[in-house]
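Trainee: Residue 116 is where the sequence shown starts when you use this note's numbering, and the numbers rise one by one after that.
Positions of the beta carbon are idealized from the N, C-alpha and C atoms, including for glycine.
Let me give you the structure first, and then I'll get to my questions.
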Amino acid sequence: MLYIVLIFTAVITGGYFSFRYFSILYAFKHVIKEITNIQQDFTKNQVLHLPIPDRHLGKLLSAFNTTLEEIRKERQKYEKREKDFERQIENISHDLRTPLTVILGYLKLIKKSWNNSIKDENERSETIDIIEDKAESLKNLVIQFYDFTRVNAGDYKLPLNKVDITKTIRESIIGLYRILERTHLQVEVDIPDYPIWVLGEESALERIFHNLFQNAGRYAYTYLHILMKNSKQGISISFINDTKVLTENDIPHLFERFYMQDQSRSQGGSGLGLTVAKSLAESMGAELNAHALSRESIGSELNVPEICFELFMKPFDR
Numbered sequence: 116m117l118y119i120v121l122i123f124t125a126v127i128t129g130g131y132f133s134f135r136y137f138s139i140l141y142a143f144k145h146v147i148k149e150i151t152n153i154q155q156d157f158t159k160n161q162v163l164h165l166p167i168p169d170r171h172l173g174k175l176l177s178a179f180n181t182t183l184e185e186i187r188k189e190r191q192k193y194e195k196r197e198k199d200f201e202r203q204i205e206n207i208s209h210d211l212r213t214p215l216t217v218i219l220g221y222l223k224l225i226k227k228s229w230n231n232s233i234k235d236e237n238e239r240s241e242t243i244d245i246i247e248d249k250a251e252s253l254k255n256l257v258i259q260f261y262d263f264t265r266v267n268a269g270d271y272k273l274p275l276n277k278v279d280i281t282k283t284i285r286e287s288i289i290g291l292y293r294i295l296e297r298t299h300l301q302v303e304v305d306i307p308d309y310p311i312w313v314l315g316e317e318s319a320l321e322r323i324f325h326n327l328f329q330n331a332g333r334y335a336y337t338y339l340h341i342l343m344k345n346s347k348q349g350i351s352i353s354f355i356n357d358t359k360v361l362t363e364n365d366i367p368h369l370f371e372r373f374y375m376q377d378q379s380r381s382q383g384g385s386g387l388g389l390t391v392a393k394s395l396a397e398s399m400g401a402e403l404n405a406h407a408l409s410r411e412s413i414g415s416e417l418n419v420p421e422i423c424f425e426l427f428m429k430p431f432d433r
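Take a look at the structure:
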């Protein structure tokens, strides 16, 4: 009797392990087939399935599926970066080509007709002014691209010092008077007449202010209000303007690389100014943000939104 029981037990045990072996073998073959299909077309959102329930194999496939999902996400990010890069190259080519085309066109006109058709002194002066403006625009584009690559380099560090920010912004306003004059904006400056010291880098601050002024010149509708506030928490410099070009939907994207409205592109913008300004601010431990203001806070036309760019810096306390 015992002999029969032992034989029966051996048969049952052998049958069980045989079933497990062939089941696992079948599962592995099934998984290998699915992996092969995924390799042939990785774009499809496929996952590995286990044809039989098994706790250990289930954990293994779960880890595989997690890895596959991470790879797909990285692939999607890579494809998006590639598309963004292609669009950026196209934008750069357009931005550099436009002023160069204008400059070359007017230079050919001068070469051909300087002593003939261009007799009037005002016409000559206007032609030279156009060439100068386009050359200045081209120079600014090159500077923006240079600043962008520099501030995004991992080894780039700003030497921070004690800076009088009221003096820096006043000098920036004077230096950019020509830009402000051409915009025909009503400019209001509300800055203290005493020194306010921050920890920063003067040339970086000048570049930030220059880019914010240029942004206002392109997007502001009727006015630009520059407001500085000093508190225990820090110093805030606000550039407030109304606009008929930008909307609240644009605000989250304003600091993205090459983000710009078509109207700004026609005016020679690169879409890098605010990106560079924000990167420079962060390099100094400061913050540069944008937000919409309520219409009642400024009192301009009810159908024209107001946007505020705010630079926040910590005071110099050494």
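Is it right to say residue 214 is buried, meaning 16 or more other beta carbons lie within 10 angstroms of its own, or is it exposed?
Mentor: Residue numbering aside, residue 214 sits at position 99 when the sequence shown is read from its first letter. Per the 10 Å Cβ criterion, buried.
Trainee: Under three-state DSSP, which class holds residue 406?
Mentor: Locating residue 406 in the sequence shown gives position 291, where the first residue counts as 1. Residue 406 falls in the strand class under three-state DSSP.
Trainee: Closest to residue 400 by CA distance: which of 314, 285 and 301 is it?
Mentor: Residue 400 sits at position 285 when you count from the first residue of the sequence shown. Among 314, 285 and 301, the Cα nearest to that of residue 400 is on 314.
Trainee: With DSSP as the reference, please indicate the residues paired to residue 428 in a beta bridge.
Mentor: For the purposes of this step, residue 428 is taken as the residue at position 313 of the sequence shown. Paired residue(s): 350.
Trainee: Quick one: residues in its chain with C-beta nearer than 6 Å to the C-beta of residue 277, no 5 flanking neighbours on either side, listed in chain order?
Mentor: Counted from its first residue, the sequence shown places residue 277 at position 162. Only 312 and 431 meet the Cβ criterion.
Trainee: Are the beta-carbon atoms belonging to residue 350 and residue 284 less than 8 Å from one another?
Mentor: Taking the sequence shown and counting its residues from 1, the one referred to as residue 350 is at position 235. Taking the sequence shown and counting its residues from 1, the one referred to as residue 284 is at position 169. No, the Cβ-Cβ distance between residue 350 and residue 284 is not below 8 Å.
Trainee: Beta-carbon separation of residue 304 and residue 341 under 8 Å?
Mentor: By 1-based counting over the sequence shown, the position of residue 304 is 189. By 1-based counting over the sequence shown, the position of residue 341 is 226. Result yes, Cβ atoms of residue 304 and residue 341 sit closer than 8 Å.
Trainee: With a 10 Å radius around its C-beta and 16 neighbouring C-beta atoms as the bar for buried, classify residue 357 as buried or exposed.
Mentor: For the purposes of this step, residue 357 is taken as the residue at position 242 of the sequence shown. By the neighbour-count rule (16 or more Cβ atoms within 10 Å), residue 357 is buried.
Trainee: Thinking residue 405 and residue 424 are a contact (beta carbons under 8 Å), I'd like their distance in whole angstroms, please.
Mentor: As a first step, residue 405 is located in the sequence shown; it is residue number 290 there, counting from the start. As a first step, residue 424 is located in the sequence shown; it is residue number 309 there, counting from the start. Confirmed, Cβ separation roughly 5 Å.
Trainee: Any idea what DSSP makes of residue 196, helix, strand or coil?
Mentor: Walking along the sequence shown from the start, residue 196 turns up at place 81. Residue 196 falls in the helix class under three-state DSSP.
Trainee: Between 402, 273 and 339, which lies nearest to residue 370 when the distance is taken from Cα to Cα?
Mentor: Position 255 of the sequence shown, counting from 1, holds the residue named residue 370. That would be 402, whose Cα lies nearest to the Cα of residue 370.
Trainee: With burial defined as no fewer than 16 other Cβ atoms inside 10 Å of the residue's Cβ, what is the status of residue 325: buried or exposed?
Mentor: Taking the first residue of the sequence shown as position 1, residue 325 is located at position 210. Label assigned to residue 325: buried.
Trainee: In chain order, what residues of the same chain lie with their CB nearer than 6 Å to the CB of residue 217, ignoring the 5 residues before and after it?
Mentor: Residue mapping note: residue 217 aligns to position 102 of the sequence shown, counting from 1. Excluding positions up to five away in sequence, the list reads 249.
Trainee: Short of 7 Å in beta carbon distance, which residues of its chain neighbour residue 378, apart from the five on each side in sequence? Order them along the chain.
Mentor: As a position in the sequence shown, residue 378 is number 263, starting the count at 1. Residue placement at residue 378 is poorly supported in this model, since its pLDDT is 48, which falls under 50; the coordinates still yield a value, given next. Same-chain partners within the cutoff: 360.
Trainee: For residue 309, which residues does DSSP report across the bridge?
Mentor: Stepping through the sequence shown from its first residue, residue 309 is reached at position 194. Answer by DSSP bridge pairing: none, since residue 309 is not bridged.
Trainee: Quick check: what's the CA-CA separation for residue 323 versus residue 286?
Mentor: Counting from 1 along the sequence shown, the entry for residue 323 is found at position 208. Counting from 1 along the sequence shown, the entry for residue 286 is found at position 171. One C-alpha to the other measures close to 13 Å.
Trainee: Grab me the residues of residue 393's own chain with a C-beta within less than 8 Å of its C-beta, minus the 5 sequence neighbours each way, in chain order.
Mentor: Within the sequence shown, numbered from 1, the residue matching residue 393 stands at position 278. Excluding sequence neighbours, residue 393 sits near 370 and 403.
Trainee: With burial defined as no fewer than 16 other Cβ atoms inside 10 Å of the residue's Cβ, what is the status of residue 289: buried or exposed?
Mentor: By one-based count along the sequence shown, residue 289 stands at place 174. With fewer than 16 Cβ atoms within 10 Å of its Cβ, residue 289 is classed as exposed.
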